[in-house]
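This report concerns only the one structure given below.
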Amino acid sequence: MSQPARSPQSTLFSPGTLVLCGMVAFTVVYRLLVHFSAGGLPWNFTPVEATALFGGAYFADRRLGIAIPLIAMVLADCVIAFTLPAAWVRDWLGTLPFVYFCIAMTAVGGFALRGKVNAPRVAIGAFASAVLFFVVTNFATWLTARPDAGAACTGSLTACYVAAIPFFRGTLAGTLFWSALLFGGFALLGRRWNTLRLTAAH
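The numbering of the sequence shown is the working numbering, which starts it at 7 and goes up by one.
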């Protein structure tokens, strides 16, 4: 027997969706902690890409899978922007469209995991999203850099990528770690609550 169609309201406020939003909110809080810790937490070890991959894989509404990670990122960026010098904000704003593009594309990549989540696929998705973020955002940094930004940004594109390798290590490690935590945590919760298993299988 086919199941009755769920209304948009029931999908939006289902237990599974609320848990997903809560997990996304937690990752945003951690990103802010990294920023305000002044080096106390590993730099670039953030859950940004992992959250987008997770949202794309599990939000029943694909539009929410893209929109929720983007909205969370924008909210965090608004808080961070108030703490940066004006000159830094101008440079930073030039790269943000590229950052948001990476988040959206990672969420779209998460669609490929729907109903097929396992450790190897999640690891491949996390690795691919970290590489995408590294390639695109460092190209954006090189493209939008001011003349006085320093040789690493204003020299050759290759030099810009080489200078960014230490940051990529943190991005990759963070994306793998947070992907394992988000996907693994949600799977464990699904064993406890059947409604979450239904959300994951939708």
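Heads up, the beta-carbon is just placed ideally off N, CA and C, and yes, glycines get one too.
It should be emphasised that the depicted structure is a prediction, and the values quoted were computed from it without experimental measurement.
query                                                                                                                                                   : result
If you draw a straight line from the C-alpha of phenylalanine 145 to the C-alpha of glycine 161, how long is it?                                        : 12 Å
According to the Cβ coordinates, are alanine 170 and phenylalanine 140 closer than 8 Å?                                                                 : yes
Decide if the stretch 74-82 is in contact with the stretch 123-132; the criterion is three or more beta carbon pairs, one per stretch, under 8 Å apart. : no
Glycine 196: buried (16+ other C-beta within 10 angstroms of its C-beta) or exposed?                                                                    : buried
Does DSSP classify tryptophan 98 as helix, strand or coil?                                                                                              : helix
Sort Leu59, Ala66 and Thr164 by Cα distance to leucine 149 and report the nearest one.                                                                  : Thr164
Looking at the C-beta of phenylalanine 174, does it have a partner C-beta in chain C at a distance below 8 Å?                                           : Reference to chain C is not applicable here, since this structure consists of a single protein chain.
State the DSSP-derived secondary structure class of glycine 190, mapped to helix, strand or coil.                                                       : helix
Please give me, in chain order, every unbroken run of the alpha helix (DSSP H) with length at least 4 that falls completely inside the stretch 33-75.   : 54-64
Per DSSP, what kind of secondary structure is leucine 90 in: helix, strand or coil?                                                                     : coil
Looking at C-alpha atoms only, which residue of Leu24, Ala151, Gly121 and Gly115 is the closest neighbour of methionine 137?                            : Reading off the sequence, residue 137 comes out as valine, not methionine. Here the closest residue by C-alpha is Gly115.
Taking the continuous alpha helix (DSSP H) assigned at arginine 120, which residues delimit it?                                                         : Looking at the DSSP string, arginine 120 is not in any alpha helix (DSSP H), and its letter there is neither H nor E.
For alanine 146, does the three-state DSSP call read helix, strand or coil?                                                                             : helix
Measure the Cβ-Cβ separation of phenylalanine 104 and threonine 52 and say whether it is below 8 Å.                                                     : no
Smallest Cα separation from histidine 41: which of Ala82, Leu70, Glu55 and Ile72?                                                                       : Ala82
Taking its Cβ as the centre, do 16 or more other Cβ atoms sit within 10 Å of tryptophan 184, making it buried, or is it exposed?                        : buried
From methionine 29 to leucine 90, what distance separates their C-alpha atoms?                                                                          : 27 Å
Hey, is the stretch 108-128 in contact with the stretch 57-72, meaning 3+ C-beta pairs nearer than 8 Å?                                                 : yes
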